[in-house]
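Number of protein chains: 2
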Amino acid sequence: MSLSKPTIFDVAKLAGVSIKTVSRVVNREPNVRSTTKERVEKAVAELNYRPDQSARNLASHRSHLIGLVYDDPAAYELPSSGYIIRMQQGALQGCRSTLCELLIHPCNFRRKSVVAELTTLIKETRLAGIVLAAPLSNMQKIVRAIEATKTPLVRLSPGQQQVKQLSVATNDREVTAEMTRYLAGLGHSRIAYITGDPDHKAVGNRFLGYKDGLRDSGLKFSAQLVVAGDNSFGSGERAAAKLIGRKTRPTAIIAANDDMAVGAMRTAHRLGVEVPWQLSIAGFDDITLSQQMDPPLTTVRQPLVRMAERAVLMLARNNGKDTASTAHEIVPAEIKIRESTGPAPA
Amino acid sequence: MSLSKPTIFDVAKLAGVSIKTVSRVVNREPNVRSTTKERVEKAVAELNYRPDQSARNLASHRSHLIGLVYDDPAAYELPSSGYIIRMQQGALQGCRSTLCELLIHPCNFRRKSVVAELTTLIKETRLAGIVLAAPLSNMQKIVRAIEATKTPLVRLSPGQQQVKQLSVATNDREVTAEMTRYLAGLGHSRIAYITGDPDHKAVGNRFLGYKDGLRDSGLKFSAQLVVAGDNSFGSGERAAAKLIGRKTRPTAIIAANDDMAVGAMRTAHRLGVEVPWQLSIAGFDDITLSQQMDPPLTTVRQPLVRMAERAVLMLARNNGKDTASTAHEIVPAEIKIRESTGPAPA
DNA sequence: GTGAAAGCGCTAACAC
DNA sequence: GTGTTAGCGCTTTCAC
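Chains as they are written, first to last, in this note's numbering: chain A, 1 to 346; chain B, 1 to 346.
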């Protein structure tokens, strides 16, 4: 391997073509004969050629940096930092296959300065695109500010689709309905629900799914069985305490996320309520901890890695003006039945 | 504000100097008359000029990107993904104050291809510097490969200082000795230890600290009280089972990290051993979960955010060839006493 | 102290 | 389908 980095000229010479053709192959542009393409690819592999990002950026007036913008966990340090890691992992995968780099940008949506912060980021780094995670993805003030910069944007779990706004989401509503029907199928008729962070629209959809599931199962919705949480462990603890204290105690609890479900299990344990014999508990997310609980938590595996990867690929596609492709992708989630749910007590 | 970004030419024209002089001022190079400098600075301010990073990188052959390289959690998905988030947070803070951007690069050190992968990354992005997290930071094969590219490198928790290699670490050994003395002070004489991942040298230092602490407290070391773990939750569970099964059961267990400590608590709970009445358990890291355990875990708060921030700042300093400054920084950790430790049983 | 000229390695626009 | 020619906005080298 030579010491100095091979350039596009080296590849062109080795392949016996012009630099433009190399550029075409590397950038997956059309109009290259497949034999030529193969020759170039062989030369690229042989020299271990990688295009220089700075040169690319300078010439093309945009970077190959994708920004992953999400709510800053530092503010509340949830056990679900795994959530972020998984998003990053997926985004990183997408970047690898599109030859982009990933810039992470956690930011606190509660601060007034978010919008200014994001527009500065965009200007200075010339981001090729942004993947905006929930709940920022459902805040129109933020979405609009980004759109105003004309930076391509994909919203992750936006809670609601908008025409002309790209998004990737999971089927929160449908899968929560499925979970509800599963519990009803086990004989539960008093299925409670702990709602999540009201700022987070996609999480709100789970609540709709819960209602759908009740209806599908012939059960009637009762406000008595719903307690508000805020996605935090502590709110799950408190909500469960309220529910268990009700005169007609629920036999099953669905929490809008795993952190709250884990909190609920902790409360049940403290109050001597046996899970799942006296109370079934289900969550949403499948954080690492859910498998390590005793009993392991029944939950919904959100395909975060896949979602983030699709978002980056969508950005890449859209850059190629491929408007024909879907603007909204749904990556379905999967129910993971473990031991925190069981037949309703007699 | 004009539509197109001002370039160095615009500034030069406005200031009535050549672009080279503007470049000198912007880059704080010497040999510019102070009156000229002021004139240029005024023009820069007036136009709100920011040098284009890509052009700068291309011409100077290096970027303003800092790479944060760490072991890929995807391989084992630990609850300690919070560890990574905290490192990222610190590195991000450091980048903010040095006007750099952060590129994250998780990679699996077990794969043969790591070295090739890292050299590719360096070549492609022309990283201005690398912060290498443990345990990669103590693998000479990897460190050497990076050094060969002449990219400035700071090692995080390298386990051992090397002359001419920058590093930031915490006082693993000393603080573990302190923890051991604290337990001895509570009357424990059979203090067991669960060792960590042998690939991870800094974690190995904690074991040395354990021995120091025993000696300081007049206790003698016994191989019977040491069980090997690998930093994982599961290994903590198994190690604790072995220790609890010993004919002379320990009254306290120190685990080399929190994941294992949590596993140990799980085992104790299963076997009906009451923590802390019959058994004290202590960990290391202060993962989020440790506060949510029942009882909350006594542990060591590793100043990861601070460490990663210092590492980035060290990189920036070193870039300015500031060789006078310290090459090795130690950010001290802090013991967090919670309820999983208590007086030795009578 | 300051400036002119020559690239850095690529993409874009337009030939062929 | 493929190649040619200009830059992109800056740093570097070297002349003055």
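Where a beta carbon is used, it is the ideal one built from N, C-alpha and C, also for glycine.
Flag this pair as yes or no: are the beta carbons of A/Gly340 and A/Thr298 separated by less than 7 Å?
For the record, residue 340 of chain A in the displayed sequence is Ser; it is not Gly. A contact, by the Cβ cut-off of 7 Å.
Assuming A/Ala34 is part of the alpha helix (DSSP H), what are its boundary residues?
Reading off the sequence, residue 34 of chain A comes out as Ser, not Ala. Taken as a continuous stretch (DSSP letters only), the alpha helix (DSSP H) holding A/Ser34 covers Ser34 to Leu47.
Return no unless some Cβ of chain A is closer than 7 Å to the Cβ of B/Phe207.
no
Below 8 Å on the Cβ atoms is my guess for A/Gly234 versus A/Gly263; work out the distance and round it to an integer in Å.
6 Å
By the criterion of Cβ-Cβ separation under 9 Å, what are the contact partners of A/Asp294 in chain B?
Arg266, His269 and Arg270
Closest by CA to B/Thr125, which one among B/Val168, B/Thr151, B/Leu136 and B/Met139?
B/Thr151
Can you confirm whether B/Ala55, when its beta carbon is compared against all beta carbons of chain A, has any partner nearer than 7 Å?
yes
Which runs of the beta strand (DSSP E) spanning at least 3 residues fall entirely within the region 123–185 of chain A, listed in chain order?
129–132, 153–156 and 166–169
Please go through the same chain and pick out, in chain order, the residues whose beta-carbon is closer than 6 Å to the beta-carbon of A/Asp216, but skip the five residues on each side of it.
Arg181
How would you label A/Arg238, buried or exposed, when you count the other beta carbons within 10 angstroms and need 16 or more for buried?
buried
Is it the case that the Cβ atoms of B/His64 and B/Ala128 are separated by a distance below 7 Å?
yes
Anything in chain B within Cβ reach of A/Ser81, meaning under 8 Å, just list it in chain order.
Ser81, Gly82, Ile84, Ile85 and Thr288
Rounding to the nearest angstrom, what Cα-Cα distance links A/Cys100 and A/Ile66 in this structure?
7 Å
Inter-residue Cα distance where the pair is A/Gly16 and A/Val22
10 Å
Of all the options A/Leu118, A/Asn57, A/Gly283 and A/Gln292, which has the alpha carbon lying nearest to the alpha carbon of A/Thr176?
A/Gly283
Less than 7 Å between CB atoms is the rule here; does A/Leu156 satisfy it with respect to chain B?
no
Touch test, the region 165–179 of chain B against the region 193–213 of chain B, Cβ-Cβ under 8 Å, three pairs minimum:
yes
If B/Gly209 sits next to B/Asp258, beta carbons under 8 Å apart, how far is it from one beta carbon to the other, in whole angstroms?
Rounded, the Cβ-Cβ distance is 16 Å, inconsistent with contact.
For A/Gly272, does the three-state DSSP call read helix, strand or coil?
coil
Where do the ends of the beta strand (DSSP E) carrying A/Glu334 lie?
Glu334 to Lys336
Just verifying my parser: in three-state terms, what is the DSSP assignment at A/Glu339?
coil
Interface residues of chain B around A/Phe284 at Cβ under 8 Å?
In chain order: nothing, as chain B lies at least about 18 Å away.
Relative to the C-alpha of B/Pro191, which residue among B/Phe207, B/Ala133 and B/Pro198 is closest?
Per the sequence presented here, residue 191 of chain B reads as Ile, with Pro not at that position. Among B/Phe207, B/Ala133 and B/Pro198, the Cα nearest to that of B/Ile191 is on B/Phe207.
Around the Cβ of B/Asp322, are there at least 16 other Cβ atoms within 10 angstroms (buried) or fewer (exposed)?
With a pLDDT of only 48 at B/Asp322, under 50, the local geometry of the prediction cannot be trusted, and the value read off the model is given with reservation. Exposed, since its Cβ has fewer than 16 Cβ neighbours within 10 Å.
C-beta neighbour in chain A for B/Lys123, strict 7 Å:
yes
List the whole-angstrom C-beta distance separating B/Asp286 from B/Arg301, where the pair is believed to meet the contact cut-off of C-beta under 8 Å.
4 Å
What separation, rounded to the nearest whole angstrom, lies between the Cα atoms of B/Ala103 and B/Ser97?
The residue you asked about is not Ala; residue 103 of chain B is Leu in the sequence shown. In a straight line, the C-alpha of B/Leu103 is about 16 Å away from that of B/Ser97.
Less than 7 Å between the beta carbons of B/Gln93 and B/Glu309, yes or no?
yes
Is the beta carbon of A/Lys242 closer than 7 Å to that of A/Val227?
yes
Using beta carbons (cut-off 7 Å, strictly below), is B/Leu103 in contact with chain A?
yes
Does any CB atom of chain A fall closer than 7 Å to the CB of B/Leu279?
no
Can you name the residues of chain B whose CB is closer than 8 Å to the CB of A/Ser63?
Ser54
Could you tell me which whole alpha helix (DSSP H) segments of length 4 or greater appear in the region 213–256 of chain A?
233–245
Give me the residue from A/Lys247, A/Thr251, A/Ile194 and A/Arg266 with the minimum Cα distance to A/Asn231.
A/Ile194
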